[in-house]
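Colleague:
Numbering (this note's numbering), first residue to last: 1 to 176.
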């Protein structure tokens, strides 16, 4: 079977998310910018997860954890443009589909990988560096339960950090 170029597959996923959420105003330049970030995330996942067989098409189409990261990239782009409601709608729909919650305001560097991912939560003021790898059920959250202060309240994760399954990082702390 012939494989479709991976940029077409990523664009198809991006357009599908935008269409499902009735977002029709992004430009070709916007889509290309999101595509490049998503490609870097996909390539990093293919390099780090042997179960993906280094097959970009296979991972892009079948991995819900990749779908969550791709959805984050779109929602974060919208959030940065001040389109908070559209960003949050995409984020919430991705959470429902994947079991992975990544707030659109979180700042996440290039080549970000969530592997498996179910139960993972990344909070609003989280900052995650480049080349980070997170397994399932990781919480990057605030230390309070209710009445948290406005402002920085989530962890900062440095570059090249790997976080194993079921780790809870809470509060305004620095890792890596």
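Ideal Cβ positions, reconstructed from N, Cα and C, are used throughout, including at glycine.
Thinking C-alpha only, which one of 142, 161 and 62 is nearest residue 152?
Modeller: With distances taken between Cα atoms, residue 152 lies closest to 142.
Colleague: Take residue 68 as the anchor and find which of 57, 20, 102 and 47 has the nearest alpha-carbon.
Modeller: The option with the nearest alpha carbon to residue 68 is 102.
Colleague: If we call anything under 9 angstroms between Cβ atoms a contact, is residue 134 one with residue 117?
Modeller: Yes, Cβ-Cβ distance for residue 134 and residue 117 is below 9 angstroms.
Colleague: Give the single residue among 41, 163 and 26 whose Cα lies nearest to the Cα of residue 6.
Modeller: Comparing Cα-Cα distances from residue 6 to each of 41, 163 and 26, the minimum goes to 41.
Colleague: Could you check if residue 25 is buried or exposed, using at least 16 other CB atoms within 10 Å of its CB as the buried criterion?
Modeller: Exposed, because fewer than 16 other Cβ atoms sit within 10 Å of the Cβ of residue 25.
Colleague: Which residues in the same chain have their Cβ closer than 6 angstroms to the Cβ of residue 38, if we skip the five residues on either side of it in sequence?
Modeller: Within the same chain, residue 38 has close Cβ partners 10, 70 and 73.
Colleague: From what residue to what residue does the beta strand (DSSP E) around residue 168 run?
Modeller: Taken as a continuous stretch (DSSP letters only), the beta strand (DSSP E) holding residue 168 covers 168-170.
Colleague: Compare the Cα-Cα distances from residue 17 to each of 3, 63, 43 and 90 and report the closest residue.
Modeller: When each option's Cα is compared against that of residue 17, the closest is 90.
Colleague: Report the residue ranges of all beta strand (DSSP E) runs contained in full by the segment 121-157; include only those spanning at least 3 residues, in chain order.
Modeller: Counting whole runs of 3 or more residues, the segment 121-157 contains the beta strand (DSSP E) stretches 139-141.
Colleague: Quick check on this structure: which residue in 131, 99, 107 and 87 has the alpha carbon closest to the alpha carbon of residue 160?
Modeller: Nearest C-alpha to residue 160: 131.
Colleague: May I ask which residues mark the beginning and end of the alpha helix (DSSP H) holding residue 84?
Modeller: First-last of the alpha helix (DSSP H) with residue 84: 84-98.
Colleague: Hey, which unbroken runs of the beta strand (DSSP E) at 3 residues or more fall wholly within the segment 3-32?
Modeller: Listed in chain order, nothing qualifies, since the segment 3-32 has no complete beta strand (DSSP E) run of 3 or more residues.
Colleague: To the nearest angstrom, report how far apart residue 169 and residue 77 are at their CA atoms.
Modeller: Looking at the two C-alpha atoms, the distance is approximately 25 angstroms.
Colleague: Looking at residue 176 and residue 164, is the spacing between their C-beta atoms short of 9 angstroms?
Modeller: Going by C-beta atoms, residue 164 is not nearer than 9 angstroms to residue 176.
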